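Input: a single structure, listed below in structure tokens.
There are 2 protein chains.
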Amino acid sequence: MKKQKDTCETRLTDSSAVEHVVERLSGERELAGMAEMFKALAEPTRIKIIEALSLRELCVCDLSVVLGMSQSATSHQLRLLRHLGLVRFRKAGKVCYYSLDDDHVSELLSAVREHNLHKREK
Amino acid sequence: MKKQKDTCETRLTDSSAVEHVVERLSGERELAGMAEMFKALAEPTRIKIIEALSLRELCVCDLSVVLGMSQSATSHQLRLLRHLGLVRFRKAGKVCYYSLDDDHVSELLSAVREHNLHKREK
DNA sequence: CCTATATATGAATATATGTTCACGTGTGAA
DNA sequence: TTCACACGTGAACATATATTCATATATAGG
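Sequence lines, in order, name chains R and B.
Under our numbering, the first residue of the first sequence carries the number 242, and numbering increases by one thereafter.
Under our numbering, the first residue of the second sequence carries the number 242, and numbering increases by one thereafter.
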């Protein structure tokens, strides 16, 4: 009975390399956290939100106009960013003003923006 | 006939703010490019790949062992990273060695890693 | 109290995407 | 040539997630 498994067990490649690398990888917990952070920026809609709020505080309604999408959709995305601690809000009567709560995020955006520009001219 | 639309047209909030912000947002093209970049890192699996290849060149088979997933799945993810120009490969007989083709990417990883560590201790 | 407005949110739906499965290609060895 | 292995890939499937829709909450004004 040949148990041909998916990950070829009869390895001929460098197994010490595998050990060396595995030891140095981030833990699952840490990886998940990093992925979650990147996931927050993995959508044009949310990048727009971060860009907009990095310029100035905005209420949900104005923000939805900026984004060109419904108030509901905007609100859902804001909740996501809120739970990640990327934005904060303040209530003023009926209106709810959102602003950035994480300076590093817009730096990440800038880094990728410039990186992509460089790459395009290659 | 009241045409109560989704995005409230009878705005009472700052409309000059909207203009100001809209003018300064990145273009759709640029936004899509940025999102694509972040999307590449928005998965623990791919972060692992980047981390691993930043340590040393690895063949697909060894990499799949490192990742703890099938060769096929690994190959699919590598294709994605290849198309984004994040990794390169070289063939040696049957074996195919992959390595990082973008230094900036691991810097992004480091940035987010440290950022999350700081945040956790808050 | 009644109405209108700003926002939040659960459920449903549509779409994107990661993984598996089956198979094809290319290479080295017997 | 025949076989085994490393890798790539299309299709199917499963899951995640963005948006819409309907509705709830809260607040201001009349």
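C-beta atoms are modelled at their ideal positions from N, C-alpha and C, and glycine is treated no differently.
Note that the structure is a prediction, hence the values are computed from the model and not measured.
Is it right to say residue 308(R) is buried, meaning 16 or more other beta carbons lie within 10 angstroms of its own, or is it exposed? Residue mapping note: residue 308(R) aligns to position 67 of the first sequence, counting from 1. Sixteen is the threshold: when 16 or more other Cβ atoms of the shown chains lie within 10 Å of the Cβ of residue 308(R), as they do, the residue is buried.
Determine, using beta carbons only, whether residue 248(R) comes closer than 9 Å to chain B. Taking the first residue of the first sequence as 1, we reach residue 248(R) at position 7. With a pLDDT of 41 at residue 248(R), under the threshold of 50, the predicted position of this residue should be treated as unreliable, though the coordinate-derived value follows. Closer than 9 Å: yes.
Are at least three pairs of beta-carbons, each pair with one atom in the segment 267-283 of chain B and one in the segment 314-326 of chain R, less than 8 Å apart? As far as the Cβ criterion goes, the segment 267-283 of chain B does not touch the segment 314-326 of chain R, which means the pair count is below three.
Please state whether the Cβ-Cβ distance between residue 342(B) and residue 329(B) is less than 9 Å. Looking up residue 342(B) in the second sequence gives position 101. Looking up residue 329(B) in the second sequence gives position 88. Cβ atoms of residue 342(B) and residue 329(B): closer than 9 Å.
Could you check what DSSP says for residue 320(B) in three-state terms: helix, strand or coil? Locating residue 320(B) in the second sequence gives position 79, where the first residue counts as 1. Three-state result, residue 320(B): helix.
Touch test, the segment 257-268 of chain R against the segment 290-304 of chain B, Cβ-Cβ under 8 Å, three pairs minimum: Contact annotation: the segment 257-268 of chain R touches the segment 290-304 of chain B, with at least three C-beta pairs closer than 8 Å.
By how many angstroms is the C-alpha of residue 310(B) removed from the C-alpha of residue 248(R)? As a position in the first sequence, residue 248(R) is number 7, starting the count at 1. As a position in the second sequence, residue 310(B) is number 69, starting the count at 1. Confidence at residue 248(R) is low in this model, with a pLDDT of 41, below 50, so the placement of that residue is unreliable and no value is reported for it.
By the criterion of Cβ-Cβ separation under 8 Å, what are the contact partners of residue 333(B) in chain R? On the second sequence, position 92 is the one that residue 333(B) refers to. From the beta-carbon of residue 333(B), no residue of chain R is found nearer than 8 Å; the closest lies around 11 Å away.
Does the beta-carbon of residue 349(R) have 16 or more other beta-carbons within 10 angstroms, so that it is buried, or is it exposed? Translated into positions along the first sequence, residue 349(R) becomes position 108. Buried, because 16 or more other Cβ atoms sit within 10 Å of the Cβ of residue 349(R).
Cβ closer than 7 Å: which chain B residues qualify as neighbours of residue 342(R)? As a first step, residue 342(R) is located in the first sequence; it is residue number 101 there, counting from the start. Within 7 Å Cβ-Cβ: nothing; residue 342(R) doesn't reach chain B, min ~11 Å.
Looking at the C-beta of residue 316(B), does it have a partner C-beta in chain R at a distance below 9 Å? As a working mapping, residue 316(B) is identified with position 75 in the second sequence. Not flagged as an interface residue toward chain R: residue 316(B), since no C-beta distance is shorter than 9 Å.
Cβ atoms of residue 346(B) and residue 301(B): under 9 Å apart, would you say? Within the second sequence, the letter at position 60 stands for residue 301(B). Within the second sequence, the letter at position 105 stands for residue 346(B). Cβ atoms of residue 301(B) and residue 346(B): not closer than 9 Å.
Could one say the Cβ of residue 259(R) lies closer than 9 Å to chain B's Cβ atoms, at least one of them? As a first step, residue 259(R) must be located in the first sequence, where it is residue number 18. Answer yes: the Cβ-Cβ gap between residue 259(R) and chain B drops below 9 Å somewhere.
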